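Start counting the sequence shown at 1; every next residue gets the next number (UniProt numbering).
No residue lacks a Cβ here, since even glycine has one placed at the ideal position from N, Cα and C.
As the structure is a computational prediction, the values presented were derived from the model and not from experiment.
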Amino acid sequence: MSTTEADRTTAAPVAPADPTKHIADPGPLGLAGFAATTFALSLVNAGLVAKSVEPVVLPLALFYGGLAQLLAGMWEFRKNNTFGATAFATYGAFWLSFAFYVWQFAGKIPEAQAATATGVFLLVFTIFTAYMAIASLRTSVALVAVFVLLFLTFLFLTVAEFSGAEGIGKLGGWLGLITAVLAWYTSFAVVVNSTFKKTVLPVVPLAA
Numbered sequence: 001m002s003t004t005e006a007d008r009t010t011a012a013p014v015a016p017a018d019p020t021k022h023i024a025d026p027g028p029l030g031l032a033g034f035a036a037t038t039f040a041l042s043l044v045n046a047g048l049v050a051k052s053v054e055p056v057v058l059p060l061a062l063f064y065g066g067l068a069q070l071l072a073g074m075w076e077f078r079k080n081n082t083f084g085a086t087a088f089a090t091y092g093a094f095w096l097s098f099a100f101y102v103w104q105f106a107g108k109i110p111e112a113q114a115a116t117a118t119g120v121f122l123l124v125f126t127i128f129t130a131y132m133a134i135a136s137l138r139t140s141v142a143l144v145a146v147f148v149l150l151f152l153t154f155l156f157l158t159v160a161e162f163s164g165a166e167g168i169g170k171l172g173g174w175l176g177l178i179t180a181v182l183a184w185y186t187s188f189a190v191v192v193n194s195t196f197k198k199t200v201l202p203v204v205p206l207a208a
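What follows is the structure in structure tokens.
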């Protein structure tokens, strides 16, 4: 056996490269897509713009809140971030579902059942957001604020659909606007802190 062959047989095995090492943090993208689409729809829900403007939300829901956020979720899976993957993939699917619901089904549901149908749709994501808000307690103060306010947003909008109380729906819209601003802040903070290599905008991590 040659020296080279002996070296190959006795050398310590080389550890495989970390496949996630060169993947950028997808969190800011997911948060930005979520924030932008939530903000646009919440303007309608809060009564700040006319209901007739709502179709402008659909392109955002399909491509920014939907596709971009879903992709962020897939990249979070790659980075082994269970919380981020579950959140972004689900809310990306929420916006895609919302766009498809408004586009294909909302106008076909009898008027007497339309609010109930929308209420059921929102209730599903209210439940999901409730347990994600609990899970967020191990992330950061910024994300806890986003998820708690998002839960309240979904809750008020769901109650408004089932009860027909327009005032509750408008309150849900205002909560959605605040949620969107906080999500934008969190996205901005991660981008700025990563770019400047120091904490410029705090998010206050909670995990030990």
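With DSSP run on the structure shown, which of helix, strand or coil describes residue i?
i, result
"P55", "helix"
"P205", "strand"
"M1", "The predicted position of M1 is uncertain, since its pLDDT is 49 and thus under 50; a value taken from the coordinates is nonetheless stated next. Note: M1 maps to coil in three-state DSSP."
"I127", "helix"
Rounded to whole angstroms, what is the Cα-Cα separation between residue i and residue j?
i, j, result
"A46", "I168", "10 Å"
"A61", "K198", "33 Å"
"A180", "A40", "9 Å"
"E166", "A189", "35 Å"
"V53", "G33", "19 Å"
"A115", "T195", "45 Å"
"F65", "T38", "A quick correction: the sequence has Gly, not Phe, at residue 65. In a straight line, the C-alpha of G65 is about 8 Å away from that of T38."
"T129", "V56", "25 Å"
"G172", "A87", "20 Å"
"D25", "F63", "19 Å"
"F83", "K51", "34 Å"
"V124", "Y131", "12 Å"
Among residues of its own chain, excluding the 5 on either side of residue i, which ones have a beta-carbon nearer than 6 Å to its beta-carbon?
i, result
"A142", "T186 and V203"
"A183", "L31, F34, A35 and V146"
"L43", "V49"
"T126", "F154, L155 and T158"
What residues in its chain sit with their C-beta under 7 Å from that of residue i, if we drop five residues either side in the sequence?
i, result
"L175", "L149, L152, T153 and F156"
"V200", "V192 and N193"
"residue 217", "The displayed coordinates of the chain run from 1 to 208. Any statement about residue 217 would go beyond what the structure contains."
"A85", "G73, E76 and F77"
"L29", "A68 and A72"
"W23", "Reading off the sequence shown, one finds Ile at residue 23, where the question assumed Trp. These residues qualify, in order along the chain: W75, R78 and K79."
Got a sec? Which residues, its chain only, sit under 8 Å from residue i by beta carbon, not counting five neighbours each side?
i, result
"L67", "G92 and L96"
"V144", "A133, S136, L137 and L206"
"E161", "A115, T116, T118, G119, L122 and G169"
"G164", "A115"
"I178", "L149"
"L70", "F88, A89, G92, A93 and L96"
Closer than 7 Å: is that where the CB of residue i sits relative to any heavy atom of the ligand PLP?
i, result
"G176", "The ligand PLP is absent from the structure shown, which contains no ligand whatsoever."
Exercise. Can we say the region 99–114 touches the region 128–138, given the rule of at least three CB pairs closer than 8 Å?
Worked result: In short, these stretches do not touch, since the Cβ pair count stays below three.
As an exercise, report each continuous alpha helix (DSSP H) stretch of at least 4 residues that is fully enclosed by the region 40–114, in chain order.
Complete alpha helix (DSSP H) runs here, min 4: 57–62, 69–78 and 82–100.
Note to self: Assess contact between the region 68–79 and the region 98–108, defined as three or more Cβ pairs (one per stretch) separated by less than 8 Å. Is contact present?
What the structure shows: With a cut-off of 8 Å, the region 98–108 and the region 68–79 do not count as touching, because too few Cβ pairs lie within range.
Practice problem: May I have a chain-ordered list of the alpha helix (DSSP H) segments no shorter than 4 residues that lie completely inside the region 134–197? | Solution: Complete alpha helix (DSSP H) runs here, min 4: 141–163 and 166–196.
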